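Working notes, structure below.
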Amino acid sequence: IRLGSTPVIGGDKTGTQTENRLAVAAVEGEEEAEALKALVLANDADLGLLAGDPLEVSLLEHAVRRGLDPAALRRVHPRLSARPFDSAWKYMRVTVESDEGPVAYVKGAFEVVLDRSILGASERARWLNSTVSPRVARR
């Protein structure tokens, strides 16, 4: 997820109860292509082996359905550094090479990513009121 001057990944899960699988229903934001790239690059799953966290597998599967080739994208944008997801931190960060220089992608719990953003108080409130469940907004 990127906030402020960056795209936002919005997703939903379906089939969890009936199929024991997660599936991304949508990616929403002003820069869908950049958001899809983030789904792949801030991700440790491997579709070829069907290995990885179920959420990460579902994110990769969605990117593939939208026409991305994860292996090719990872070759073009190799990781320079990473902070793996940790349940205490509730986010993961990767920094990758790009034509414009190093780019960092952060993926994690919405409220944690929002707290780490550069958004002002009014913009944070707008995000919380428009996109987050009442449980998170009341914290």
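Mind the numbering: the sequence shown is residues 7 to 145 in the numbering used here, read in order.
Cβ atoms here follow ideal geometry from the backbone N, Cα and C, with glycine treated the same way.
It should be emphasised that the depicted structure is a prediction, and the values quoted were computed from it without experimental measurement.
When C-beta atoms of the stretch 77-87 are compared with those of the stretch 96-105, three or more pairs fall below 8 Å, so the two segments count as touching.
If you look at V109, you'll find it in the beta strand (DSSP E) that goes 109-114. Around the CB of N49, 16 or more other CB atoms lie within 10 Å, so the residue is classed as buried. By the C-beta criterion, the stretch 121-140 is judged not to be in contact with the stretch 46-65, since fewer than 3 inter-stretch pairs fall below 8 Å. A Cβ-Cβ distance of about 6 Å is found for the pair L42 and R72, placing them in contact under the 8 Å criterion.
Judged by DSSP in its simplified three-state form, D92 adopts strand. Closest by C-alpha distance to L61, out of D75, L45, E117, L74, is L45. Residue state for D105 is assigned as coil, using DSSP reduced to three classes.
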